[in-house]
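Chain order of the listed sequences is A and B. Going by our numbering, the final residue of the first sequence carries number 256, and the count climbs one at a time with no gaps. Going by our numbering, the final residue of the second sequence carries number 256, and the count climbs one at a time with no gaps. Quick reminder that beta carbons are idealized off the backbone N, C-alpha and C, glycines included. Treat the numbers as computed from the prediction; the structure is a model and nothing was measured. Here the structure comes first, spelled out in structure tokens, and everything after it is commentary.
There are 2 protein chains.
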Amino acid sequence: MTDKTEFVAVKPVRAYEAIVEQIEQAIATRQLNPGDRLPSERDLMGTFAVSRATVREALRVLESGGLVRSRPGDPRGPEILQASPATLHKAMNRLVRSGTIKLSELVEFRVMLEGASCTLAAEHRTPEQLEVMRTAVEAMESSIAGGSAAFSQADVEFHATVWEASHNQLMQICGDAARGALVDLVNDRIDSAPDSGAQMKLSLAHDYEIFNAIEAQDGARAGQLARTFVIEYYGDMIEHGDRNGLALLGVPSE
Amino acid sequence: MTDKTEFVAVKPVRAYEAIVEQIEQAIATRQLNPGDRLPSERDLMGTFAVSRATVREALRVLESGGLVRSRPGDPRGPEILQASPATLHKAMNRLVRSGTIKLSELVEFRVMLEGASCTLAAEHRTPEQLEVMRTAVEAMESSIAGGSAAFSQADVEFHATVWEASHNQLMQICGDAARGALVDLVNDRIDSAPDSGAQMKLSLAHDYEIFNAIEAQDGARAGQLARTFVIEYYGDMIEHGDRNGLALLGVPSE
DNA sequence: CCAAGTGTACTGGTCAGACCAGTTGTTTCG
DNA sequence: CGAAACAACTGGTCTGACCAGTACACTTGG
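Structural data, given as structure tokens:
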């Protein structure tokens, strides 16, 4: 198999990076599982044969990646954490903010996700989840006159339940990350001009229609509605040159 | 605006976190831009009034997030980096491989992504990208008799180009992560039984059809084909109870 | 005068040892 | 037996030091 001795570029690996690498690997291969404990920093400096400063730098990196958590005084040592979407969320946010990812890409992404999860939710929703959705939509309706805070909270609640009902964690996580990044961006843009009355009524009507499709277990319709609505909602904010892809996603097959 | 004095839960913030926060904020608000330099660690310990160890922990976190880069000996200090999708990629990968996600979810996710990116690719592909795809498909064809390694490499190349041609980095990143996790999972399962001849011929036929649709700029057909093929490919590996969602995604609207 | 080599003053990477505030589990005392 | 005091840890931070690099100004030989 080794046809030729291939040399490959190297870059100096610092001690703390090697430690991060090892622990990351141990977690990836399930040698360390959520809830498990790492030895204390002072023990770790023994096993890795480095100073505590180096151990700590490694631990800080792992901690910032959401892989472990250190609490002072805990004699059981740093805890291995369950993988969480938090860092994904942050990474996506940064990327969008920095302009590396265009708004149109983010909206396309969300159109796709929202459509798919509504389709799946129509199929997989439990009766309980349906009731939670109903309650949320009703809460939107009754708070439409009140503050926009309560309204958008109910709106988020509705969509969160849809994601949950899709029974697909990946979509749930990515959808949540995309939604978060999107509202952050939009809030920056329309800055202090939250949902107007008309906007709220429109959102309510949309959610209501989607709810009906999900209740009827009509996945195709639910997905189609969701795609259309997201496009309708965000379409105006996207530069004209970037809109053609969106339109295509909205009507995937005729 | 302040209707009531609302108390809110707090958690102790460590010194290095406060530093990370400040620098992150400065980058987010464009006070610091890619190519700019941070003061040296020794200067930073002055401005933040902490020890160098603390400064370094903060820098390590920022570095692991891809925001800055430190090089020893560089008298200009740590460099602010252009935001890159690398950390998002890593986060996505970790999440997908954390094992909390079922195979069926992963496949659903990929069906959705593959469909959407093929649709977008049909619209957005450049002539150059089309040629790369053509070359990749031809490479698959010619290596079908040879090793399966070369074949699957060409296959990956084809799909990677499709993602690239979608001009949506988010989908590209998520698609790549999903693909990686999926082949890992499948390799674990069928372990040492790589693509058989029949399997290869099938994949080739699929990619070829997709290629034709992309060439014809028929986004709807490209997406539909991609969805169908992914389902066809992975469908058998999924437990029967989890298949109904997939089928729905395959035919989003009639 | 210029190019090539030399120095030097910085940089980050790592280490050793120390102190503090906090948690935990045990022990002691009422 | 319960509650308060204790001891043995934990992580968070600081000080001060050394090394191996880099960049840039400075010599020095042509």
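So, does the CB of residue i fall closer than 8 Å to a CB anywhere in chain B?
i, result
"Glu85/A", "Reading off the sequence shown, one finds Ala at residue 85/A, where the question assumed Glu. Yes - at least one Cβ of chain B is within 8 Å of the one on Ala85/A."
"Met239/A", "no"
"Ala17/A", "no"
"Phe111/A", "yes"
"Val63/A", "yes"
"His126/A", "yes"
"Ala30/A", "yes"
"Asn246/A", "yes"
"Ala20/A", "no"
"Ala152/A", "no"
"Leu132/A", "no"
"Thr89/A", "yes"
"Leu118/A", "Rather than Leu, the amino acid found at residue 118/A in this sequence is Ala. So, interface residue."
Using CA atoms only, rank isn't needed, just tell me which of the options is closest to residue i.
i, options, result
"Leu108/B", "Leu184/B, Gly225/B and Lys203/B", "Leu184/B"
"Ser198/B", "Ala147/B, Arg223/B, Ala224/B and Ile21/B", "Ala147/B"
"Glu217/A", "Glu159/A, His126/A and Leu251/A", "His126/A"
"Ala228/A", "Asp238/A, Glu211/A and His242/A", "Glu211/A"
"Leu172/B", "Ala156/A, Leu40/A and Thr102/A", "Thr102/A"
"Ala249/A", "Glu110/A, Pro36/A, Leu204/A and Gln174/A", "Glu110/A"
"Arg16/B", "Ser119/A, Ala51/A, Met47/A and Pro74/A", "Pro74/A"
"Ile21/A", "Gly37/A, Met47/A and Gln33/A", "Met47/A"
"Ala207/A", "Leu187/A, Val232/A, Asn189/A and Val188/A", "Val232/A"
"Leu187/A", "Ser100/A, Leu115/A and Ala200/A", "Ser100/A"
"Ala85/B", "Leu90/A, Lys92/A, Arg96/A and Ala85/A", "Arg96/A"
"Met114/B", "Asn189/B, Arg39/B and Ala224/B", "Ala224/B"
"Gln155/A", "Glu23/A, Ser205/A, Ala180/A and Glu81/A", "Ser205/A"
"Asp38/B", "Ser72/B, Ile175/B and Arg58/B", "Ser72/B"
"Met202/B", "Gln24/B, Glu143/B, Thr121/B and Val57/B", "Glu143/B"
"Ala200/A", "Gln174/A, Ser106/A, Gly177/A and Tyr235/A", "Tyr235/A"
"Glu26/B", "Thr230/A, Ser66/A and Asp178/A", "Ser66/A"
Answer yes or no: the CB of residue i versus the heavy atoms of the ligand GDP, is any distance below 7 Å?
i, result
"Arg16/B", "With respect to the ligand GDP, the structure offers nothing, as it holds no ligand at all."
Would you identify the three-state DSSP class for residue i, choosing helix, strand or coil?
i, result
"Glu81/A", "strand"
"Val70/B", "strand"
"Arg39/A", "strand"
"Gly149/B", "coil"
"Arg245/B", "coil"
"Asp76/B", "coil"
"Phe9/B", "coil"
"Gln201/A", "helix"
"Ala218/B", "coil"
"Arg127/B", "coil"
"Asn170/A", "coil"
"Ala51/A", "coil"
"Ser86/A", "coil"
"Thr102/A", "coil"
"Gln27/B", "helix"
"Gln33/B", "coil"
"Val15/A", "coil"
"Ile240/A", "coil"
At the 8 Å Cβ level, is residue i part of the contact set with chain A, yes or no?
i, result
"Val164/B", "no"
"Gln171/B", "yes"
"Asn189/B", "no"
"Leu34/B", "no"
"Gly177/B", "no"
"Leu40/B", "no"
"Gly67/B", "yes"
"Ser145/B", "no"
"Ala55/B", "yes"
"Glu59/B", "yes"
"Ile103/B", "yes"
"Ser194/B", "Summary for Ser194/B: the model assigns pLDDT 49, below 50, so the residue's position carries little reliability; its value from the coordinates is reported in the next sentence. It does not; no Cβ of chain A falls within 8 Å."
"Leu227/B", "no"
"Arg99/B", "yes"
"Thr49/B", "no"
Pop quiz: residue i and residue j are said to be a contact at Cβ under 8 Å. What is the actual Cβ separation, rounded to whole angstroms?
i, j, result
"Val98/A", "Leu83/A", "Between Leu83/A and Val98/A the Cβ distance is about 25 Å, and since that is not below 8 Å, they are no contact."
"Asp220/A", "Ala124/A", "6 Å"
"Val139/B", "Phe160/B", "6 Å"
"Ser88/A", "Gly117/A", "Position check: residue 88/A holds Ala in this sequence, whereas Ser was assumed. Not confirmed; about 25 Å, so no contact."
"Leu90/B", "Ala93/A", "4 Å"
"Pro77/A", "Leu40/A", "Not quite, the Cβ-Cβ distance comes to about 12 Å (not below 8 Å), so this is no contact."
The stretch 132 to 143 of chain B / the stretch 157 to 173 of chain B touching (three or more Cβ pairs under 8 Å): The count of Cβ pairs closer than 8 Å, one atom from the stretch 132 to 143 of chain B and one from the stretch 157 to 173 of chain B, reaches three, so the stretches are in contact.
At least 3 beta-carbon pairs within less than 8 Å: the stretch 11 to 25 of chain B vs the stretch 231 to 246 of chain A: Between the stretch 11 to 25 of chain B and the stretch 231 to 246 of chain A there are fewer than three inter-stretch CB-CB distances shorter than 8 Å, so the stretches are not counted as touching.
Cβ contact (3+ pairs, closer than 8 Å) linking the stretch 55 to 64 of chain B and the stretch 140 to 158 of chain B: Three or more beta-carbon pairs separated by less than 8 Å are not found between the stretch 55 to 64 of chain B and the stretch 140 to 158 of chain B, which leaves the two stretches without contact.
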